[in-house]
Ligand SMILES: [Zn+2]
């Protein structure tokens, strides 16, 4: 999933669940992208590994 080069590593959260919310909101508000939470979870899981 490509969310844009300017969007690298600026997500901060206490845990994966919070991060999911943050990323989901960010994608919708900044990138106008709406994805199923499962897809975002996959993305977040890879990012935070
Ligand atoms: Zn972004």
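Residue numbers (this note's numbering): 62 to 110.
By construction, the Cβ of each residue, glycine as well, lies at the ideal position given by its N, Cα and C atoms.
Check: Hey, quick one: how far does the alpha helix (DSSP H) through residue 92 stretch, first residue to last?; Outcome: Per DSSP, residue 92 belongs to no alpha helix (DSSP H) and is neither H nor E.
Check: Residue 85: buried (16+ other C-beta within 10 angstroms of its C-beta) or exposed?; Outcome: buried
Check: Select from 96, 100 and 88 the residue whose C-alpha is nearest the C-alpha of residue 68.; Outcome: 88
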